[in-house]
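One structure is given below, encoded as structure tokens.
Numbering (UniProt numbering), first residue to last: 1 to 1203.
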């Protein structure tokens, strides 16, 4: 034991000590110079390791410099804080507003531009502070993980230094590992220093914000001062110009004739710059609107950033939920934003037209002195009136000044409008983003207390307050002028309601007339159903229209409760419109019973249920919807919640009665074949009744806002179901009418064909040329009906799924999170920040709006958003920077640490131009939806196209088939393109692959490609068509199908042959019916020698003329062809309408020829043959000899004599 220990110690003492690793840049460069002249794989590996070591050393230097800067900031923080406190304790800074001794408009505008630039810089400083605070917060949260990762990398690198190097490559790798350790340790030190700097900056942040606010306030005061000066000077200049133009007009009109046009135009230009709608005033308004829009955007962005930071720090509680609710109510609505965008577009168009007109007029005027001279020559040819010359010259000089001023101010207004458009776009973007954020976080938090009794007990008091408020509102409405500009439209709408109410009986009579038309197939049409739908809608419109018009009128009020009442009236009007439409639909002899053929018993059930449901649900829903739209939480929590609970109870009662044991779905319970919905009515009954009851429970347990949101989506879902159901029954009604019309037309065609066959022989021969034996244009009605029904069902189902997703996605996290489930480049669940980052890097999201020509992008406004952190790190914030394209998405928190966070391996290959390729579960779902749409459309759309369009056009079956097939191909191509786009597979990414794949397939599958291209040529060029009779090689028959690879031919034995499409293009094909279906038939007839040739010819022609299948034109002919071995050979050449008549024609014609020849004693000869025997047996010879003897003399017959 001791001997072993001694041996180990001896070995350790004798082992060489580990060598010091020289990490100086000079030593590494010297070794690299030595390796520069060495070739081979080992030298290349060593060079790569040493180059990596140099890179690590550079990172270490950068990290040390960052740490020095961070610690220097920490050391300077107290002095900076003291300086800020001293500055804040003093008086606020006063921005100089000294005016020149003789201020003019140009100097004031220059001072205004400087003040606005200072204000923009101050606001940018505030926004930068917000971005820095957000970034520092996120950076602090990420530092522990980053430090752990760096320590792990240090440990991994240190493992490479355990074994002593055995060759130059090992030594180079140890140099690389040592350099990496140095870099990682320096970066750890930098991260710790950055954390200290961020902690220290939190103390400076309030002081910096207060100082920035004071500077922004001072800059804003200066900008307001100079803005007022500029506006006053512009107003004074415009008024002076207007006054001068008016004085010149009075003087010129009083003294001279012919100057009216010049003076009037000057007055018009002066009016453009003066008055309440002059250009200076409009500039002032638009500037105020621009400032307000930018302020709104900044405020929304600030709230968004603050809410995001609070939720990240402490989650969402009831207090935060209340704040989010208030913010959601304060956000401008989508309608308001759309209206603002439309107003800006209209003003832009108006100013652009004005500017173009004035610039064109100024160019036309040219030099004012020349224009004045021309006018003077017209008025005073002698040019002796000096006063006239002076006056005209002054008029044109004034016009030029006015034109210059108008053009200048129009350009200013246009630039402001462009900035306003950009600011409005940015506001819409941040509002939409904040609205989505609120909806994602507010839905599943409690909006009221868990115990509802205290709030509900206050309902009587709140009822009295609400009644008094309604009485006050009625008094205000009765006051003249209270409704403002919406009184006149309301009166017009009210008159329309009265007209519709007066026309109710006439509408009912019209509905009865349309019902009579539908009862007979001779007068029935889908147009009657469309008119009945319009009549039904008009009959249901009066009361909902009255409520909606009242709500729209109240929505224009400045009073918050009046606006809420208006919103509630509009919502109730939509509910009542749906109920009234259903009631009109279910009326006796109405649209449902007569046109859609619904059960009269079911219609009576609907009318009976609506009779009690409508008067109960409307007032209760009005109270609930109105109170939920106003901000008085006490009223909403008590009366609003009670009304909501009652309305959901009424809805549950209706659904129970409709879907219960004796409801609508039970009416066909005894039918042999019931619908799937009727068979599963118990499940539907349970689910439908449970939904309102669940909402009641949510409302009573504090989740009242959640319940109202679910009720809204439930209402939208019912509206979607009603709309899709109406579309489906209308589509089926149209299909029924179209199918019946086609069936009647085909029945009539068959009747005409039977009548033609039973006509006399002479008429039959004539008509046979125009009546084919088979109807090539016949339509397979059952097949088309099945295709169209399947298309309707699939379209309705997919529309319902898409609509349900759009309605419920924002409420159900499982649906909302589909876009966060990443599948590529690696499976992951993205958080909201990563998803927003992906949106920011999407080039399609960066077009924020137009920029004024020559304008400064800084004028787009400022606000909180993404920005760099304290140490230069990116990220954080609300994602609302002025220009997302300018964000540095690759910056790292510490300089020199970029390589640590860069993707490696396969991930780095998925980055294209800095934007990672990302495939989410939502993309796959959309692609699957597009696959379903493409499949359904390609299979079933041709049937709809056939019924709706093609059968109405003068096309044969082949043309219709070609069109439908090409449409199928186009649908498939469009579907593949849409699916590829949904999966992020653009043509620019796969064009090289497609080229290579096409090149390879052209050789490997050239026959299949040849057949496919040949099929396209057949469909376009149409050398053969569906229904044509063709002969290909030894195959003859009728073409029944044209497919992508082969064409199906059915022969006369009803066998189907698949012929490759290539054969029809490259081979010889006989098409018997390509351009003319008329076919010649040759009937050979042989008569015995000695027969009357002329008589035989006459009989053949008469037989052909009397045959009903033979055409009169071309004429039938009988030709004496040859002298046969035993017959005189004739050919009867006749023509038939199409080749389908061949069996009937041959059969009848042969029978007629045989009958006529028998009557005329003309023998149809049969072949005769002489038999010569060379050798026979003895027995046969004896028999023959006996036969040859003369029976009378007993002598042998002469050789060659006949027996």
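We treat Cβ as the ideally placed atom computed from N, Cα and C, and that holds for glycine.
Predicted model only: the values in this text are computed from it and were never measured.
Does DSSP put residue i in a helix, a strand or coil?
i: residue 1066; result: helix
i: residue 164; result: coil
i: residue 630; result: coil
i: residue 1046; result: strand
i: residue 1041; result: strand
i: residue 404; result: helix
i: residue 1058; result: strand
i: residue 1143; result: helix
i: residue 701; result: coil
i: residue 49; result: helix
i: residue 1086; result: strand
i: residue 396; result: helix
i: residue 1130; result: strand
i: residue 136; result: helix
Whole angstroms is fine: what's the gap from residue i's alpha carbon to residue j's?
i: residue 975; j: residue 793; result: 19 angstroms
i: residue 459; j: residue 636; result: 10 angstroms
i: residue 733; j: residue 591; result: 11 angstroms
i: residue 497; j: residue 540; result: 11 angstroms
i: residue 62; j: residue 25; result: 15 angstroms
i: residue 619; j: residue 434; result: 34 angstroms
i: residue 747; j: residue 686; result: 49 angstroms
i: residue 709; j: residue 699; result: 11 angstroms
i: residue 871; j: residue 66; result: Confidence at residue 871 is low in this model, with a pLDDT of 35, below 50, so its placement is unreliable and the value that follows should be read with caution. When rounded, the distance between both Cα atoms is 8 angstroms.
i: residue 207; j: residue 151; result: 36 angstroms
i: residue 977; j: residue 1015; result: 22 angstroms
i: residue 683; j: residue 335; result: 40 angstroms
i: residue 81; j: residue 134; result: 21 angstroms
i: residue 1095; j: residue 1142; result: 26 angstroms
i: residue 697; j: residue 548; result: 31 angstroms
i: residue 391; j: residue 121; result: 50 angstroms
i: residue 515; j: residue 574; result: 28 angstroms
For residue i, which residues in the same chain have their Cβ closer than 7 angstroms to its Cβ, ignoring the five residues on either side in sequence?
i: residue 444; result: 706
i: residue 320; result: 310 and 311
i: residue 722; result: 578
Note down, in chain order, each residue of its chain lying with its Cβ closer than 8 angstroms to the Cβ of residue i, except the 5 sequence neighbours on either side.
i: residue 200; result: 73, 74 and 77
i: residue 105; result: 230, 233, 234 and 237
i: residue 607; result: 583, 586 and 587
i: residue 119; result: 216, 219, 220, 222 and 223
i: residue 182; result: 23, 56, 57 and 60
i: residue 158; result: 177 and 181
Output needed for residue i: all residues of its chain with C-beta closer than 6 angstroms, excluding positions within five of it in sequence on either side, in chain order.
i: residue 720; result: 803
Quick test of the definition: if touching needs 3 or more C-beta pairs under 8 angstroms, does the stretch 335 to 345 touch the stretch 423 to 435? yes
Within the stretch 265 to 352, note down every full alpha helix (DSSP H) run reaching 4 residues or more, in order along the chain. 279 to 314 and 318 to 330
Should the stretch 520 to 534 be called in touch with the stretch 549 to 557, which here means at least 3 C-beta pairs below 8 angstroms? no
May I ask you to verify whether the stretch 179 to 199 touches the stretch 62 to 77, counting CB pairs closer than 8 angstroms and requiring at least 3? yes
Which parts of the stretch 476 to 526 are runs of the alpha helix (DSSP H), unbroken and 4 residues or longer, counting only runs that do not cross its ends? 487 to 502 and 504 to 519
For the structure I just gave you, are there three or more beta carbon pairs, one from the stretch 279 to 292 and one from the stretch 405 to 413, closer than 8 angstroms? yes
The stretch 106 to 124 in contact with the stretch 162 to 174 per 3-pair CB rule at 8 angstroms: no
Note down, one range per segment and in chain order, each alpha helix (DSSP H) of at least 4 residues found wholly within the stretch 539 to 622. 542 to 554 and 560 to 585
For the stretch 1101 to 1125, which segments carrying the alpha helix (DSSP H) assignment without a break, of at least 4 residues, lie completely within its bounds, in sequence order? none
For the stretch 1040 to 1060 against the stretch 1099 to 1108, are there 3 or more C-beta pairs whose distance is under 8 angstroms? Touching, no.
For the stretch 120 to 131 against the stretch 296 to 307, are there 3 or more C-beta pairs whose distance is under 8 angstroms? yes
Segment contact, 8 angstroms Cβ cut-off, at least three pairs: the stretch 1068 to 1080 with the stretch 1130 to 1147: yes
Can at least three beta-carbon pairs, one atom from the stretch 455 to 475 and one from the stretch 489 to 507, be found at a separation below 8 angstroms? no
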